[in-house]
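Protein sequence lines correspond, in order, to chains A and B. Per my numbering, residue -18 is the first one in the first sequence, and the count goes up by one each step. Per my numbering, residue 5 is the first one in the second sequence, and the count goes up by one each step. Just so it is clear, CB atoms sit at the ideal spot from N, CA and C, and this is done for glycine as well. This structure is a prediction, so every number in the text was calculated from the model and none was measured.
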Amino acid sequence: MSSAPPRSRDERLGVHPFPHRHLLGIAGLAPHEILFLLDEAEQWVALNRSTAKRDDRLHGLTQINAFFENSTRTLLSFEIAGKRLGMDVVNMAVAVSSVKKGETLIDTAITLNAMRPDVIVIRHDASGAVRLLAEKVDCPVLNAGDGRHEHPTQALLDALTIRRRKGRIAGLTVAICGDVLHSRVARSNILALGTLGADVRVVGPPTLLPAQIERMGVTRFTDFDAGLEGADVVMMLRLQSERMDGAFVPSPREYHALYGLTAERLARAAPDALVMHPGPMNRGVEIASDVADDLNRSAIPEQVEMGVAIRMACLDVLTRGQRGVEGWA
Amino acid sequence: MTLALLNGRIVTPDGVIEGGVLAKDGIIAAIGDFEIPDDAERIDVRDRIIAPGIVDVGVFAIDMPAFVAGGITRALLMPDQSPPLDTVALIQRAAAAGKPQVWIHPLAAATKGLDGSDLAEVGLMHRAGATGIATGRHWIPDSAVMLRLLSYAGALGLVTVSHPEDGGLVRGAVATESETATRMGLPAAPAAAEALAVQRDLLLAETTGAPIHFRQITTASALGLIRAAKAKGIAVTCGITPAHFLLSDVAMGDFRTFARLSPPLREESDRLACRAALADGTIDLICSGHDPRGPEAKRLPFSDAEPGMAGAETLLALSLALVRDGVLPIERLFQLLATTPARLFCLPAGLIEAGAEADLLIVDPDAPWRIDSEKMAASAGNTPFDGLPVDGRVVKTVKGGMILE
């Protein structure tokens, strides 16, 4: 019998606290791996609150943000995260790129790869597209949202926000409300919060809840008030305007009346319930302004803050192998 | 030219008999024990199976190497070509494309440009060689158009091949509503989209008395409707491809675009219903749905990829699994692969009997091999069965007494 030491990364699975080359989704992550990323992010929360928000541990590395779908906040968050770690960050603007000229996704991936980036952050409007790109490049890939599939850093930042505000995640009742059908944020959060032991509910009009969503381990509510009852966290989702004019719900007005979060409605949740929203908000549609702006209840600005820290943690952890960090190379 | 296949096990509708088949000038001259003419080319089949050549209803491409490798001696070509087969000239050209090897029998586009609104010249196309009529990859959403089409086709004695998926429900969908589609975040349509379309078409078929064939039926509820319609005496038949009796929608996992099909893969309960319907005769025939697609159509995000699979050369091996699993005896399998499709479209084929055209296969039903998308005879290797070990291989394909290479 040969007793050669294991060599490939796969064989050492479990040796690293985070034995994944890419971050494509929450699916496939173990609870301790999610918690590791949350723990790593804490140091960056502290740094980001100091005056000199700079740590050059990723100095000299190149980060490409390839966003095939419009984004302001997520793109900015990833850009700031990379820069605070010392990376050279470049954004590929799709509006002027060759993607508009009919270049295939695979060819774009090969082109990006040839520029020898050290990490690529990708957003795309098709489910599974980020995974497809990741197969064709040599560096770690971070999924910044693919279609309706996953948005893992959003779920991680939400988990970090909840943990900091509530002290725990296990045992909490979290109501994810609104357009779950089209939401990658909802899917990643269902997976992450469920894995970490929360009791997750999805609440929304039946036209905006995907088939068999219960099979993802959640409880389904179409009555907003019932779904809010006793919830520790109320996570609102954005409803895109093209979906509220008769396609999925009759009108924005009716949606707000039936599924909009108001102070009165929020009273059904736990007295100290936390209100969250991944942004950008439709004030007066899915959420009333007074609720969104209530500093005691709303964690919405904090979610944005945690976003930068989580993305710094992910960028740091995923590049440890190539940087030769002790124990990770 | 005379060909003598000797020492085989011959698949006939009444069971498997031992013996040989003698083909003379392209026609089966004798079966069983016979005197071997001196000029005959002799092939010792060595106890392997001699079966009728497969008649494949509804291929999307003329792909000779795949047909020969798969034992397909006649293929009914879908009108979804570029341009669509909606004129006499295009039908004539398609009908001549395969001879003398694999015969191509084009299906005429039901409507001009396959756009579902104006009837194409189906009568003239029939005279020019169209074997039947097909609605193409899509259902005809306008019931008035479908009613006129069926009554017109019925008077011509032509079978109409329909693709039953309700247009409104499946718009934009790339999967069946299910846990898998929900987890993957794929736009999905309820499985009822199929039964909804089948129900309307059955009512129109009953009204007109015209025969209708559903190229693929893949859900329990649609199979129930067809079972009931047959009991009522409505002239309805339906087919299926191996994908829907062997795979469920979990095969799409990891966004494998080779598993993006039309209709999409269904849930496990539907797959089991398809197997039961194969066993009880509700499903009349098995087809390959051959639709080779290169990387430019498949190496894309799942919802951007084109649907379809290269199915011709895996059709027999995958169908033989039904025999091995005890769903069907082998003589019944070849009814589904050859006899019934030939009879349905009035083709002189599908049976091994004296006087019939010598379209024959030599099959080694136990030969093990592995499906490999990189090593396909087809013009593209887009099979959802990539990597699957299977048993059963076509050793030789004979068309009109001629061995095809």
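Problem - Neighbour flag for B/Glu310 against chain A, beta carbons, 9 Å - result: Position 306 of the second sequence, counting from 1, holds the residue named residue 310 of chain B. No, B/Glu310 does not count as interfacial toward chain A.
- Message: I'd like to know if A/Arg2 contacts chain B, where contact means its C-beta is closer than 9 Å to some C-beta of that chain.
- Response: To locate residue 2 of chain A, count along the first sequence from 1; it is residue 21. It does not; no Cβ of chain B falls within 9 Å.
Could you round the C-beta distance between B/Asp4 and B/Ala371 to whole angstroms and report it? I think they count as a contact, below 8 Å.
With chain B running from 5 to 409 in the structure shown, residue 4 of chain B is simply not present.
Relative to the alpha-carbon of A/Lys147, which residue among A/Asp213, A/His132 and A/Val285 has its alpha-carbon at the smallest distance? The residue labelled residue 147 of chain A in the question sits at position 166 within the first sequence. Of A/Asp213, A/His132 and A/Val285, the residue nearest in Cα terms is A/Asp213.
Just to confirm, is the Cβ distance from A/Leu162 to A/Gly6 under 9 Å? Stepping through the first sequence from its first residue, residue 162 of chain A is reached at position 181. Stepping through the first sequence from its first residue, residue 6 of chain A is reached at position 25. No.
Query raised in the report: For the stretch 116 to 132 of chain A, which residues have a CB atom closer than 9 Å to at least one CB atom of chain D, in sequence order?
Result: The structure shown contains no chain D; its protein chains are A and B.
Buried or exposed for A/Val306, going by 16 or more other Cβ atoms inside 10 Å? For the purposes of this step, residue 306 of chain A is taken as residue 325 along the first sequence, with counting starting at 1. Counting Cβ neighbours within 10 Å, A/Val306 comes out exposed, since fewer than 16 surround it.
* To do: Quick one: using the 10 Å Cβ neighbour count with 16 as the cut-off for buried, is A/Thr32 buried or exposed?
  => Looking up residue 32 of chain A in the first sequence gives position 51. So A/Thr32 ends up on the exposed side.
- prompt: Does the Cβ-Cβ distance between B/Ser383 and B/Pro69 come in under 9 Å?
  reply: Working through the second sequence from its first residue, we reach residue 383 of chain B at position 379. Working through the second sequence from its first residue, we reach residue 69 of chain B at position 65. Cβ atoms of B/Ser383 and B/Pro69: closer than 9 Å.
Output needed for A/Ser108: all residues of its chain with C-beta closer than 6 Å, excluding positions within five of it in sequence on either side, in chain order. Residue mapping note: residue 108 of chain A aligns to position 127 of the first sequence, counting from 1. Cβ within range, chain order: Asp127, Gly128, Arg129 and His130.
Counting pairs of Cβ atoms below 8 Å between the stretch 254 to 271 of chain B and the stretch 201 to 218 of chain B, do you hit three or more?
no
Out of B/Met188, B/Leu9, B/Met256 and B/Ile31, which one is the CA nearest neighbour of B/Ile47?
Sequence index remark: in the second sequence, residue 47 of chain B carries index 43 (1-based). Here the closest residue by C-alpha is B/Leu9.
- Is it true that the stretch 89 to 100 of chain A meets the stretch 16 to 34 of chain B, where meeting means three or more beta-carbon pairs spaced less than 8 Å apart? no
Q.
So, with DSSP's three-state summary, where would you put B/Met150?
A. The sequence position of residue 150 of chain B within the second sequence is 146, counting from 1. If DSSP states are grouped into helix, strand and coil, B/Met150 belongs with the helices.
How far does the beta strand (DSSP E) with A/Trp25 in it reach, from first residue to last? Numbered from 1 along the first sequence, position 44 holds the residue referred to as residue 25 of chain A. Premise fails: A/Trp25 lies in the alpha helix (DSSP H), Pro12 to Asn29, not in any beta strand (DSSP E).
> Beta carbon of A/Arg182, beta carbon of A/Thr142: below 9 Å?
Replying inline: What you label residue 182 of chain A is simply residue 201 of the first sequence in a count that begins at 1. What you label residue 142 of chain A is simply residue 161 of the first sequence in a count that begins at 1. Not a contact, by the Cβ cut-off of 9 Å.
### Query
Which ranges does the beta strand (DSSP E) cover as unbroken runs of at least 3 residues, wholly within the stretch 345 to 402 of chain B, from first to last along the chain?
364 to 374
Decide if B/Cys291 is buried, meaning its Cβ has at least 16 other Cβ atoms within 10 Å, or exposed.
One-based indexing of the second sequence puts residue 291 of chain B at position 287. Its Cβ being crowded by 16 or more others within 10 Å, B/Cys291 is buried.
Between which residues of its own chain and B/Lys234 is the CB-CB distance below 8 Å, once the five residues before and five after are set aside? For the purposes of this step, residue 234 of chain B is identified with residue 230 of the second sequence, where counting begins at 1. Contacts found: Val240 and Thr286.
What span of residues does the beta strand (DSSP E) with B/Met406 cover, start to end?
Start at 1 with the first residue of the second sequence, and residue 406 of chain B comes out as number 402. Where B/Met406 is concerned, the enclosing beta strand (DSSP E) stretches over Met406 to Leu408.
- Item | Residue range of the beta strand (DSSP E) that includes B/Arg13 | Locating residue 13 of chain B in the second sequence gives position 9, where the first residue counts as 1. B/Arg13 -> beta strand (DSSP E) spans Thr6 to Thr16.
Own chain, CB closer than 6 Å to A/Asp271, minus 5 neighbours either side, in chain order = Translated into positions along the first sequence, residue 271 of chain A becomes position 290. Counting only Cβ-Cβ distances below 6 Å, and skipping sequence neighbours, we find Ala244.
* **Per DSSP, the bridge partner or partners of A/Glu131** => By one-based count along the first sequence, residue 131 of chain A stands at place 150. Partner(s): A/Asp127.
query: Beta carbon of A/Asp20, beta carbon of A/Gln44: below 9 Å?
result: Counted from its first residue, the first sequence places residue 20 of chain A at position 39. Counted from its first residue, the first sequence places residue 44 of chain A at position 63. Cβ distance not < 9 Å, so A/Asp20 and A/Gln44 don't count as in contact.
Quick check on B/Pro191: buried or exposed, where buried means 16 or more other Cβ atoms within 10 Å of its Cβ? Within the second sequence, the letter at position 187 stands for residue 191 of chain B. Flag for B/Pro191 reads buried.
Original post:
Between the stretch 188 to 222 of chain A and chain B, which residues of the former have CB atoms less than 8 Å from a CB of the latter, in chain order?
Top reply: Pro191, Ala192, Gln193, Ile194, Arg196 and Met197
Of all Cβ atoms in chain A, is any one closer than 9 Å to the Cβ of B/Gly172? Working through the second sequence from its first residue, we reach residue 172 of chain B at position 168. Judged by the 9 Å Cβ criterion, B/Gly172 is not in contact with chain A.
| request: Please check if any C-beta of chain B sits within less than 9 Å of the C-beta of A/Arg224. | output: One-based indexing of the first sequence puts residue 224 of chain A at position 243. Taking Cβ atoms only, chain B never reaches closer than 9 Å to A/Arg224, which makes this a no.
Cβ of A/Gly302 within 9 Å of any chain B Cβ: Taking the first residue of the first sequence as 1, we reach residue 302 of chain A at position 321. It does not; no Cβ of chain B falls within 9 Å.
B/Ala185 to B/Glu357 span [Cα, whole Å]:
As a first step, residue 185 of chain B must be located in the second sequence, where it is residue number 181. As a first step, residue 357 of chain B must be located in the second sequence, where it is residue number 353. Whole-angstrom Cα-Cα distance: 48 Å.
- Task: Starting from B/Leu332, follow the alpha helix (DSSP H) in both directions and report where the run begins and ends.
- Result: Counting from 1 along the second sequence, the entry for residue 332 of chain B is found at position 328. Run containing B/Leu332: none; DSSP gives neither H nor E here.
Chain A contact for B/Ala124 (CB, 9 Å cutoff): Position 120 of the second sequence, counted from the start, is the residue given in the question as residue 124 of chain B. Closer than 9 Å: no.
- Please decide whether A/Ile61 counts as near chain B, where near means a Cβ-Cβ distance under 9 Å. As a first step, residue 61 of chain A must be located in the first sequence, where it is residue number 80. So, not an interface residue.
DSSP state of A/His105 mapped onto helix, strand, coil
Sequence index remark: in the first sequence, residue 105 of chain A carries index 124 (1-based). Three-state result, A/His105: strand.
*asked:* Spatial neighbours of A/Ile15 within its chain, please: C-beta separation below 8 Å, excluding the five flanking residues on both sides.
replied: For the purposes of this step, residue 15 of chain A is taken as residue 34 along the first sequence, with counting starting at 1. Here the set comprises Ile7, Leu137, Ala140, Ala173, Thr176 and Leu177.
A/Ser232: buried (16+ other C-beta within 10 angstroms of its C-beta) or exposed? To locate residue 232 of chain A, count along the first sequence from 1; it is residue 251. Result: exposed.
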